[in-house]
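Contents: one structure, followed by commentary.
Chains as they are written, first to last, in my numbering: chain V, 1 to 214; chain H, 215 to 523.
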């Protein structure tokens, strides 16, 4: 049974036709066994793909193709990397379902343009960061406050090549949720040292990012 | 991103009131934008189950209802702006809404449907342990407390509804309420009282939330004998009412003593051209069905206002 209803498909088709500037390659890391959410994640991608000819899919087997995984910095599955003119370091670990589906769509639009909706001030600050920052945003699919937190992280990755950012679906990666003491979502971890609870306003997010980059 | 665009109506807030205002404005042939900083649906989106919205006899999840409302508004041409309204400037016969991204929207009329945000308890430990066991969203965070004991603070619809949801995940749910009876709807109360995992702690107030790295318990005080007790829990979900999100219009319209926007029978505020709908408005009952009704009135009244400009 399709996940996307006819009217949703139609809406997305029009949205992509209007707003997709350049091609977006969806790089998907999966494996056949021992990955409960790989198949449903693939279904989401396969339903998105025909909605615009600017979208393409590149699928990799996680274990046998570990070189590719290394190249994209992917260390667990299911993983989605969105690449436009280049690999911006925009990743999703776990299924982008529920509220996170909207994050996936908004990210695809940003990656296609290589631009984000940061305010000019925030954008300048993010672009000026000169040290690598790795961002993980823990979410659950039923959390309406999570997409804005993931979006900020992914936008930062798009604006600055030294920043990479991943959505991490907490229920699929419980060992990580446990490791980072996640008991509420969204929870943003920057470079393992800085953490942020909830959906931060842009300004606070950028402040923390600058702190993480020191 | 929509930049410096001109609209007939700009709706601030994308919950049920905002989405319905978008729907009516769009159907009325007006150019309408709905500005929402989080996800469409507002507070509804974090409600696990809604049983009192007409038309859904089996109940419906908050996120499903929000999506349906958004799709319906989109169908009639309402545009969605994912951003936050920071300031509103009144000009002759128009308003300029400046968003967090610095983009500006110009409108002939505004509908403020910005809703309300959860009230905090204001006790020690609450801020410090946010995301470490303190939560205001059971559907977001409930899964982290699977098989554990949690508390819900409050006695209204949200508190009881979410206690029932949490009872499906947690080993024990204690509802702490400052009165001796619930304010929640009878039918919700019946479901909760029948649930063997839910117990009630009456006439108690939470004095502090304790724990170092995460919530370990609550200090609760009995309002009758002033005796303090400790309730060991690993999570606490707080549903003690709401504050209106009216800051963006506080200098433009009359608010009541609690910050709710005061409106006339056509839901116009004290400022001509600024209307209010839903939870942000001063009224007796705050329900989705009421928000939707408000929005229909506000959108039609706003259209008449524009036509008479």
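Backbone N, C-alpha and C define an ideal beta-carbon position, used for all residues, glycine too.
_Which residue wins for smallest C-alpha separation from residue 483/H, given the options 257/H, 252/H, 323/H, 315/H?_
323/H
*In terms of DSSP beta bridges, what is residue 221/H paired with?*
321/H
*From the DSSP output, in three-state form, read off residue 230/H for me.*
helix
*Report the residue ranges of all alpha helix (DSSP H) runs contained in full by the stretch 112–163 of chain V; include only those spanning at least 4 residues, in chain order.*
120–127, 146–159
*State the beta-bridge partners of residue 457/H as determined by DSSP.*
331/H
*asked:* Just checking: is the beta-carbon of residue 464/H within a distance shorter than 9 Å of some beta-carbon in chain V?
replied: no
*Endpoints, the beta strand (DSSP E) within which residue 411/H is located*: Residue 411/H -> no beta strand (DSSP E), and no H or E assigned at all.
*Report the rounded CA-to-CA distance for residue 395/H versus residue 470/H, giving the unit in angstroms.*
28 Å
*Between residue 430/H and the rest of its own chain, which residues show a CB-CB distance below 6 Å, the 5 nearest in sequence each way excluded?*
424
*May I have the straight-line CA-CA distance separating residue 217/H from residue 162/V, to the nearest angstrom?*
With a pLDDT of 47 at residue 217/H, under the threshold of 50, the modelled position of this residue cannot be trusted, and the question is left open.
_At least 3 beta-carbon pairs within less than 8 Å: the stretch 370–378 of chain H vs the stretch 195–206 of chain V_ = no
*Which same chain residues, not among the five before or five after residue 383/H, have their C-beta less than 7 Å away from its C-beta?*
356, 357, 359, 360
*Please report how far the alpha carbon of residue 344/H lies from the alpha carbon of residue 517/H, in whole angstroms.*
43 Å
_Beta-bridge partners of residue 181/V, as assigned by DSSP_ = Beta-bridge pairing links residue 181/V to no other residue.
_Residue range of the unbroken alpha helix (DSSP H) whose run includes residue 40/V_ = 38–48
*Cross-strand partners of residue 469/H (DSSP beta bridge)*: 475/H
*Simplified DSSP assignment, three categories, for residue 28/V*: strand
*asked:* Between the alpha carbons of residue 83/V and residue 116/V, how many angstroms are there, rounded?
replied: 14 Å
*Please confirm if residue 66/V has its CB atom under 9 Å from at least one CB of chain H.*
no
*Please report how far the alpha carbon of residue 204/H lies from the alpha carbon of residue 417/H, in whole angstroms.*
Residue 204/H lies beyond the range of chain H shown here (215 to 523); nothing can be said about it.
*When the cut-off is 9 Å and only beta carbons count, does residue 545/H lie next to chain V?*
This structure cannot speak to residue 545/H, because chain H is shown only from 215 to 523.
*In the stretch 282–297 of chain H, which residues sit with their C-beta less than 9 Å from some C-beta in chain V, listed in chain order?*
285, 288, 289, 296, 297
*Smallest Cα separation from residue 259/H: which of 400/H, 228/H, 475/H?*
228/H
*Rounded to the nearest angstrom, how far is the Cβ of residue 38/V from that of residue 77/V, given a contact under 8 Å?*
6 Å
*How would you list, in chain order, the residues of chain H whose beta-carbon sits under 7 Å from the beta-carbon of residue 96/V?*
By Cβ distance, chain H contributes nothing, its closest Cβ being about 14 Å from residue 96/V, past 7 Å.
*Kindly indicate if chain V contains any beta-carbon less than 9 Å away from that of residue 308/H.*
no
*Could you please give the first and the last residue of the uninterrupted beta strand (DSSP E) stretch that includes residue 190/V?*
187–190
*How would you write the range of the beta strand (DSSP E) that residue 89/V sits in, first residue to last?*
87–93
*Would you mind telling me which residues of chain H sit closer than 8 Å to residue 171/V, beta carbon to beta carbon, in chain order?*
357
*asked:* On the DSSP letters alone, give me the boundaries of the alpha helix (DSSP H) that residue 13/V sits inside.
replied: 6–19
*asked:* If you follow the beta strand (DSSP E) that residue 489/H is in, where does it begin and where does it stop?
replied: 488–490
*Closer than 9 Å at the beta carbon, the chain A residues around residue 353/H*: Among the protein chains of the structure shown, namely V and H, there is no chain A.
_By the 8 Å beta-carbon criterion, what residues does the stretch 2–15 of chain V contribute toward chain H?_
7, 8, 11
*Name the residue from 25/V, 173/V, 67/V whose alpha carbon lies nearest to the alpha carbon of residue 36/V.*
173/V
*Would you verify that the beta carbon of residue 215/H is, or is not, closer than 9 Å to some beta carbon of chain V?*
Note on residue 215/H: pLDDT 42, under 50, position unreliable in the model; no value is reported.
_Chain-ordered neighbours of residue 383/H on chain V, where CB pairs are closer than 7 Å_ = In chain order: nothing, as chain V lies at least about 11 Å away.
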